[in-house]
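Before any comments, here is the structure.
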């Protein structure tokens, strides 16, 4: 049995300087390759009968925790017989698409939406079409020429949400199929539609009706969030307050539970989460809404603890504190799912760009438009969005 690599910490990874390949542990075959000062993640594994190096992106744009997640997902996909689409390969395909004379998927989608808008009952239906494709399809296949799109590209759009957001994924599949049908009729592509369900994807993906109740991070529907918060407001204990703060800021459980008073700039209404506490290993600034500031102002200081949401002994709340609270309320949802609720709200109920919502969620941003948001931080634009989200969540308080 091969020896497992020692799990390196983010600090240890940051200190690696010499050219070479370093096993970082935490995911079989994951290495950090350093060349002329540049660092990149590589997954070394068998694909068929050949050992291959699959690029997973650059460090620190992709952090250690995210690289481990990507490596595990890539390994599962390859072992399931799927053709891996690495970030490097996808970028190459997108470049080829830009140089092609064929129409891109996004161009065809916009043309189809424009041509069909007159027969749709209302503007909301048109907006839902656009939002679904903008959120889940364009980041992966939007820039690709329609005659280049194949089954692996469709799976790259659908699989990440097929089990967790089955209804949305099913609608997405149908809309992608319609766009590719449009492209075929317009002679922009030929051959079989890779997004077709019957006799095609139904042999690969679970039937939607069988998996709708199976979710990795069950997300509360957007319209149920205000009532949930109202039911939590009067509960005793800091776990309830931490839950509300988590929802209002759309942050991860560990980031909320580990929040420290010295990270909060209440005068400028911003919470600065340091790089060593984020999944992407980069500092994340969170604009604080009026509701979030009101909640913070009412919190007690426990035994001079540095933690905002401290246990009675002054320690950080345990990982189970928030999960147990939801179980006691007999809810099927989990705290992490509120990030999906926020993302759904931003996509379906607002006109904010997808990139702004991704920035608010502190997701790794990979294309040029998203990278521009990362460089500029877009704090004030996010402040407007987060205040609107808080107004939705706590509707009686403005």
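Numbering (UniProt numbering), first residue to last: 1 to 398.
We put the CB at the ideal spot given by N, CA and C, even for glycine.
Remember, it's a predicted structure, so these values are computed and weren't measured experimentally.
Beta-bridge pairing by DSSP links residue 23 to 31. Residue pairing by DSSP places residue 316 opposite 310 in a beta bridge. Annotation for residue 13: the continuous alpha helix (DSSP H) segment containing it runs 10-15. A distance below 6 Å between beta-carbons, with the five flanking residues on each side excluded, links residue 106 to the following residues of its chain, in chain order: 138, 142. The C-beta distance from residue 183 to residue 189 rounds to 5 Å, short enough to fall under 8 Å.
A check of alpha carbon separations from residue 25 across 226, 64, 176, 315 identifies 64 as the nearest. With 16 or more other Cβ atoms inside 10 Å of its own Cβ, residue 154 counts as buried.
According to DSSP, residue pairing for residue 342 in a beta bridge does not occur. In the DSSP assignment, residue 38 forms a beta bridge with 35. The shortest CA-to-CA distance from residue 67 to any of 198, 10, 51, 111 is the one to 10. Judged by DSSP secondary structure, residue 200 falls outside any alpha helix (DSSP H); it is assigned neither H nor E. Around the beta-carbon of residue 284, 16 or more other beta-carbon atoms lie within 10 Å, marking it buried. Residue 179 sits in a helix when the DSSP states are folded into three classes. The Cβ-Cβ distance between residue 209 and residue 322 does not fall below 7 Å. Residue pairing by DSSP puts residue 55 in a beta bridge opposite 42.
Excluding its 5 nearest sequence neighbours in each direction, residue 222 has C-beta neighbours in its own chain below 8 Å: 341, 344, 345, 348, 349, 392, listed in chain order. Shown here for residue 44: same chain residues with a beta carbon closer than 7 Å to its own, the five before and five after excluded, namely 29, 31, 51, 53 in chain order. Shown here, residue 154 sits in a helix according to DSSP, grouped into three states.
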